[in-house]
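A.B. asks: Quick one: this structure, given as structure tokens, is what I'll be asking you about.
Protein chains in written order, with my numbering: chain A, 257 to 368; chain B, 767 to 880.
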């Protein structure tokens, strides 16, 4: 069954604005990851947040995790046209198999 | 150098045919995966291998058979292709496959079954 669900499905903003994407999941997790997929390309790992962490930063990215609400958010600050891509959350609830379950993604368009 | 490479990038074939997709990683990782991404971008795991041993085998039709000749390679063979097999197939790898690791993805193989 699908674990992660992203919201919104599509987001269009102007360059310089912030973009926030949300992910909800259903079962307990060990960690949650965010990936980016440019059109026609493979997924690229952005950030991993463990279940005992609440917030993590990487450059212009800020990820939060609320395990009580089973949700995570990805904030991209000062967006650029190059940030245009689809963003996926992936949850790891496995007992050490490395199995990630992906949501359907949020398609972000950043207009120059 | 491409870390995870898969071939071909595009595959167009007729229903009923048999086809293979190859994947190689030069990262020295122990674990490799196959994921399927449908037209709605939903990405679902199919298989994983750790050092040539099958670890994850989701509810995939047995027309799909993964083969791992060594830990750097994981190929996917599909028999009797059906229209519903049309999708983008991604190969990925991770260091140990124990969880808590990031995945490195190939650029995908777009399979179109006519």
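No residue lacks a Cβ here, since even glycine has one placed at the ideal position from N, Cα and C.
So residue 289/A contacts chain B; which residues on that side make the cut at Cβ distance below 7 Å?
C.D. replies: Numbered from 1 along the first chain, position 33 holds the residue referred to as residue 289/A. Residues of chain B passing the Cβ test: 868.
A.B. asks: In or out: residue 360/A buried (at least 16 other Cβ within 10 Å) or exposed?
C.D. replies: Sequence index remark: in the first chain, residue 360/A carries index 104 (1-based). Classification of residue 360/A: buried, given that the 10 Å Cβ count is 16 or more.
A.B. asks: Roughly how many angstroms lie between the CA atoms of residue 352/A and residue 869/B, to the nearest whole one?
C.D. replies: Here residue 352/A is taken as the residue at index 96 of the first chain, counted from 1. Here residue 869/B is taken as the residue at index 103 of the second chain, counted from 1. The straight-line gap from Cα to Cα measures roughly 14 Å.
A.B. asks: I want to verify the contact list: residues of chain A whose CB lies under 7 Å from the CB of residue 872/B, in sequence order.
C.D. replies: Position 106 of the second chain holds residue 872/B. Simply 298.
A.B. asks: Quick check on residue 355/A: buried or exposed, where buried means 16 or more other Cβ atoms within 10 Å of its Cβ?
C.D. replies: Locating residue 355/A in the first chain gives position 99, counting from the first residue. Classification for residue 355/A: buried.
A.B. asks: Could you work out which residues of chain A lie near residue 797/B, taking near to mean beta carbons separated by less than 7 Å?
C.D. replies: Residue numbering aside, residue 797/B sits at position 31 when the second chain is read from its first letter. In chain order: 354.
A.B. asks: Is the CB-CB distance between residue 278/A and residue 342/A below 9 Å?
C.D. replies: For this step, residue 278/A is matched to residue 22 along the first chain. For this step, residue 342/A is matched to residue 86 along the first chain. No, Cβ-Cβ distance for residue 278/A and residue 342/A is not below 9 Å.
A.B. asks: Name the chain B residues whose beta carbon is nearer than 8 Å to that of residue 348/A?
C.D. replies: Locating residue 348/A in the first chain gives position 92, counting from the first residue. Here the neighbours are 865, 866.
A.B. asks: Considering only the alpha carbon of each residue, which of 312/A, 313/A, 346/A lies closest to residue 283/A?
C.D. replies: Stepping through the first chain from its first residue, residue 283/A is reached at position 27. Of 312/A, 313/A, 346/A, the residue nearest in Cα terms is 346/A.
A.B. asks: Using C-beta distances below 8 Å, list every residue in its chain close to residue 263/A, excluding the 5 sequence neighbours before and after it, in chain order.
C.D. replies: On the first chain, residue 263/A is found 7 positions in, with the first residue counted as 1. So the list reads 277, 278, 279, 280, 362, once near-sequence residues are dropped.
A.B. asks: Of the residues 335/A, 297/A, 330/A, which one's Cα is nearest the Cα of residue 312/A?
C.D. replies: Residue 312/A sits at position 56 when you count from the first residue of the first chain. Looking at the Cα atoms, 330/A is the closest of the given residues.
A.B. asks: Check each residue of the region 812-831 of chain B: if its Cβ is closer than 7 Å to any Cβ of chain A, include it; give the result in chain order.
C.D. replies: Answer in chain order: 814, 821, 822.
A.B. asks: For the beta strand (DSSP E) that residue 836/B lies in, which residues bound it at each end?
C.D. replies: Within the second chain, residue 836/B is the residue found at index 70, counting from 1. Where residue 836/B is concerned, the enclosing beta strand (DSSP E) stretches over 830-836.
A.B. asks: Ends of the beta strand (DSSP E) at residue 787/B?
C.D. replies: For this step, residue 787/B is matched to residue 21 along the second chain. That run of the beta strand (DSSP E) goes 785-791.
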